[in-house]
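Residue numbers for the sequence shown, in mature numbering (1 follows the signal peptide of the UniProt record, and there is no 0): -18 to -1, 1 to 173. Here's the structure we're looking at; comments come further down.
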Amino acid sequence: MKKILPLLLFPVFSLAQTAFNSGFNDGYKGGYCYDKGLNCQKPIPPIAPVPNANEKSTSYYDGYNRGFAEGLNKAKESETAKYKTSSGEFIEDKMYNPYQNINNVIELAMLLKESKGVAINHLEDGNYQAVANICYAGLKVSPKDSEFMLLLAQAYRDSDNLEQALKWYKKAYQYRRGDNNLKELIKSLEK
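Next up, the structure:
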């Protein structure tokens, strides 16, 4: 009986050590490849150490935790020797600023309004070329601005170029469908 008892207990102790070892091996591989993606090649783990006093030799999870920690440390050590790209610099002025964009839009609208006032002054003075230059520049910035189209049409009308005046009145009418006065003006010029 004394000879049989050690033979029966030997497999129990060897299986217990195997659970810690297999946990350590799996944990080491998992820790080494932690947060590296799918293309990480799992290394061959070192020989499992003897469990500490607070670790159970029969526990797979104690071995896994210890192996994971050692694998993670080994991965960090090997990463320091690899080439790393420089990190990007944060540039304060280049980031999206919606308030600055709103200010730019407001400033542009004010400039367009002022240019319409200048065009009206040139129209009253009879400087039709200056009116045309201002209106064409304004239409490059705001191509659907019917006020620039009307100013341009009026400048052509006052300079007796009725064909161009009619063209610009019709373009302005496309954006002002409900303007009956403009519709009547176009009809009178077509006669």
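Glycine included, each C-beta is placed from N, C-alpha and C at the ideal position.
Out of curiosity, what's the CA-to-CA distance linking alanine 147 and glycine 120? Position 165 of the sequence shown holds residue 147. Position 138 of the sequence shown holds residue 120. One C-alpha to the other measures close to 17 Å.
Going by the beta-carbon positions, is the gap between leucine 93 and cysteine 117 smaller than 8 Å? Here residue 93 corresponds to residue number 111 of the sequence shown, with the count starting at 1. Here residue 117 corresponds to residue number 135 of the sequence shown, with the count starting at 1. For leucine 93 and cysteine 117, no; Cβs fall outside 8 Å.
Any idea if valine 113 is buried or exposed, counting beta-carbon neighbours within 10 angstroms, 16 or more meaning buried? As a first step, residue 113 must be located in the sequence shown, where it is residue number 131. It is buried - the Cβ of valine 113 has at least 16 other Cβ atoms within 10 Å.
Give the straight-line distance between the Cα atoms of histidine 104 and aspartate 127, rounded to the nearest whole angstrom. On the sequence shown, position 122 is the one that residue 104 refers to. On the sequence shown, position 145 is the one that residue 127 refers to. About 19 Å.
Quick check: glycine 12 and asparagine 47, are their CB atoms within less than 8 Å of each other? Working through the sequence shown from its first residue, we reach residue 12 at position 30. Working through the sequence shown from its first residue, we reach residue 47 at position 65. No, Cβ-Cβ distance for glycine 12 and asparagine 47 is not below 8 Å.
Could you check what DSSP says for glutamine 136 in three-state terms: helix, strand or coil? Position 154 of the sequence shown, counted from the start, is the residue given in the question as residue 136. Residue state, collapsed to three classes: helix.
Span of the alpha helix (DSSP H) around leucine 168: For the purposes of this step, residue 168 is taken as the residue at position 186 of the sequence shown. In the sequence under discussion, the amino acid at residue 168 is isoleucine, which differs from the leucine named in the question. It spans 162 to 172 - the alpha helix (DSSP H) in which isoleucine 168 sits, taken as one unbroken run.
Over what stretch of residues does the alpha helix (DSSP H) that includes lysine 38 continue unbroken? For this step, residue 38 is matched to residue 56 along the sequence shown. Unbroken run through lysine 38: none, as it is neither H nor E.
Kindly list the residues whose CB is nearer than 7 Å to the CB of alanine 101, restricted to its own chain and excluding five residues on each side of it in sequence; keep chain order. In the sequence shown, the residue the question calls residue 101 occupies position 119. These residues qualify, in order along the chain: Val113, Ile116, Cys117, Leu133.
Under three-state DSSP, which class holds alanine -3? Indexing the sequence shown from 1 puts residue -3 at position 16. In this predicted model, alanine -3 has a pLDDT of only 49, less than 50, meaning its place in the structure is not dependable enough to derive any value.
As assigned by DSSP and simplified to three states, the class of asparagine 109: As a working mapping, residue 109 is identified with position 127 in the sequence shown. Looking at asparagine 109 - three-state DSSP - the assignment turns out to be coil, as it is neither helix nor strand.
Would you give the residue range spanned by the alpha helix (DSSP H) that glutamine 23 belongs to? Numbered from 1 along the sequence shown, position 41 holds the residue referred to as residue 23. Glutamine 23 -> no alpha helix (DSSP H), and no H or E assigned at all.
Would DSSP call lysine 58 helix, strand or coil? On the sequence shown, residue 58 is found 76 positions in, with the first residue counted as 1. In this structure, lysine 58 counts as helix in the three-state DSSP scheme.
According to DSSP, simplified to helix, strand and coil, what is methionine 29? What you label residue 29 is simply residue 47 of the sequence shown in a count that begins at 1. Checking the displayed sequence, the identity of residue 29 turns out to be isoleucine instead of methionine. Coil.
Take alanine 57 as the anchor and find which of Ser39, Asp17, Leu90, Tyr43 has the nearest alpha-carbon. Position 75 of the sequence shown, counted from the first residue, corresponds to residue 57. Closest option to alanine 57, Cα to Cα, is Asp17.
Residue interval of the alpha helix (DSSP H) (run including glutamate 71): Position 89 of the sequence shown, counted from the first residue, corresponds to residue 71. Glutamate 71 -> no alpha helix (DSSP H), and no H or E assigned at all.
Whole-angstrom distance between tyrosine 138 and lysine 149, CA atom to CA atom: Counting from 1 along the sequence shown, the entry for residue 149 is found at position 167. Counting from 1 along the sequence shown, the entry for residue 138 is found at position 156. So the two alpha carbons sit approximately 10 Å from each other.
Inter-residue Cα distance where the pair is glutamate 129 and glutamate 71: Taking the first residue of the sequence shown as 1, we reach residue 129 at position 147. Taking the first residue of the sequence shown as 1, we reach residue 71 at position 89. Approximately 46 Å between the Cα atoms of the pair.
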